[in-house]
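For the sequence shown, this note's numbering gives the first residue as 3, with consecutive numbering after it.
We put the beta carbon where it would ideally sit given N, CA and C, even for glycine.
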Amino acid sequence: MINLSIFKNLPRRLAYGTQLKPARDWFVVVGVVLTLLALNIVWNVINFQNIITEKTPPLATQTVVSTINQTAIEEVQQVFSTRASEQTKYESGAYTFTDPSQ
Numbered sequence: 003m004i005n006l007s008i009f010k011n012l013p014r015r016l017a018y019g020t021q022l023k024p025a026r027d028w029f030v031v032v033g034v035v036l037t038l039l040a041l042n043i044v045w046n047v048i049n050f051q052n053i054i055t056e057k058t059p060p061l062a063t064q065t066v067v068s069t070i071n072q073t074a075i076e077e078v079q080q081v082f083s084t085r086a087s088e089q090t091k092y093e094s095g096a097y098t099f100t101d102p103s104q
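Here's what the structure looks like:
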């Protein structure tokens, strides 16, 4: 049979009294951390199994695929080409600079 005296004495061992019991506090902290760790492991295993079976995760939101705005892409490409031409001007020596420290 299971020894139930451990469970009978548990409230007395965890009760606050006039004495400080750091061991009790550490048991609580370690117990909470181990519980959170176990929950994290279970959650990750569930998500891993869902990924293997190609299911969506439980908390995944539905994403809306928007149409591609071609003019916006062309504008961004134009900005980058302008920056590239400015970079070549700096590298080729089209801009001259004087060092103010000399």
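Consult DSSP for residue i and reduce its assignment to one of helix, strand or coil.
{"i": "residue 99", "result": "coil"}
{"i": "residue 52", "result": "helix"}
{"i": "residue 17", "result": "coil"}
{"i": "residue 67", "result": "coil"}
{"i": "residue 38", "result": "helix"}
{"i": "residue 72", "result": "helix"}
{"i": "residue 46", "result": "helix"}
{"i": "residue 22", "result": "coil"}
{"i": "residue 6", "result": "coil"}
Compute the Euclidean distance between the alpha carbons of residue i and residue j, then round it to the nearest angstrom.
{"i": "residue 7", "j": "residue 32", "result": "22 angstroms"}
{"i": "residue 75", "j": "residue 42", "result": "41 angstroms"}
{"i": "residue 92", "j": "residue 45", "result": "54 angstroms"}
{"i": "residue 30", "j": "residue 69", "result": "53 angstroms"}
{"i": "residue 22", "j": "residue 39", "result": "27 angstroms"}
{"i": "residue 72", "j": "residue 54", "result": "36 angstroms"}
{"i": "residue 18", "j": "residue 11", "result": "14 angstroms"}
{"i": "residue 35", "j": "residue 56", "result": "31 angstroms"}
{"i": "residue 100", "j": "residue 66", "result": "53 angstroms"}
How close, in whole Å, do the beta carbons of residue i and residue j come, if the pair is a contact with beta carbons under 8 angstroms?
{"i": "residue 15", "j": "residue 26", "result": "7 angstroms"}
Please find out if some non-hydrogen atom of the ligand COA comes closer than 7 angstroms to the beta-carbon of residue i.
{"i": "residue 77", "result": "Ligands are entirely absent from the displayed structure, and the ligand COA is therefore not among its contents."}
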